[in-house]
Amino acid sequence: MVKVDLNLLNIFVLRVKKNTIQYEGDTVGEIISQFLNEYKDLLDDSILSKNKKKLNPQMIILLNGRNITYMKNYKTTLNEGDQLYISFPISGG
Numbered sequence: 022m023v024k025v026d027l028n029l030l031n032i033f034v035l036r037v038k039k040n041t042i043q044y045e046g047d048t049v050g051e052i053i054s055q056f057l058n059e060y061k062d063l064l065d066d067s068i069l070s071k072n073k074k075k076l077n078p079q080m081i082i083l084l085n086g087r088n089i090t091y092m093k094n095y096k097t098t099l100n101e102g103d104q105l106y107i108s109f110p111i112s113g114g
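Numbers in my numbering are just positions in the sequence shown, counted from 1, shifted up by 21.
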């Protein structure tokens, strides 16, 4: 297992009251699961899937600045010191 920082952005910071949380795991999915187990009661329906066990698929997850959708998604392997970011999609002009 490697240590990585999970950096929370926008609504996640407002709900959890933290900017960064350190977790240990081997894949993005393991880190996100730990985060949800710890904080799901603070997150609302717009952030969680209907069963409240996963993030809403519209959430943006970046690994070292790259969207995990273009990697191996939740199965993406982590390295020591990686930086994960979770963001609620925001648009506008």
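In this text, a Cβ means the ideal position worked out from N, Cα and C, and glycines have one as well.
Quick one: Cα of residue i to Cα of residue j, how far?
i	j	result
Ile-53	Ser-112	24 Å
Asn-72	Gly-102	31 Å
Ile-107	Thr-98	17 Å
Tyr-91	Met-80	14 Å
Asp-47	Gly-114	38 Å
Asp-66	Ile-89	22 Å
Thinking C-alpha only, which one of the options is nearest residue i?
i	options	result
Val-25	Asn-58, Lys-38, Gly-50, Phe-109	Gly-50
Tyr-95	Gln-55, Asp-66, Phe-109, Gly-114	Gln-55
I think residue i touches residue j, with their Cβ atoms under 8 Å apart; what is that distance to the nearest whole Å?
i	j	result
Arg-36	Leu-76	At roughly 13 Å, the Cβ-Cβ gap does not stay under 8 Å, so Arg-36 and Leu-76 are not in contact.
Val-105	Leu-27	The identity of residue 105 in the sequence shown is Leu, whereas the question assumes Val. Going by Cβ atoms, the distance from Leu-105 to Leu-27 rounds to 5 Å, so yes, they are a contact pair.
Asn-85	Val-23	Contact flag wrong, Cβ pair sits at about 13 Å.
What three-state label does DSSP hand residue i in the structure shown?
i	result
Lys-61	helix
Ser-70	coil
Lys-93	coil
Tell me whether residue i, by its Cβ, gets closer than 8 Å to a heavy atom of the ligand NAD.
i	result
Pro-110	You won't find the ligand NAD in this model; it holds no ligand whatsoever.
What residue does the beta strand (DSSP E) around residue i start on, and which one ends it?
i	result
Leu-84	81-84
Starting from residue i and walking both ways along the alpha helix (DSSP H), at which residues does that stretch end?
i	result
Ile-32	32-37
Answer yes or no: does any C-beta atom of chain C fall closer than 9 Å to that of residue i?
i	result
Ser-67	Given the protein chain composition of this structure (a single chain), no chain C is represented.
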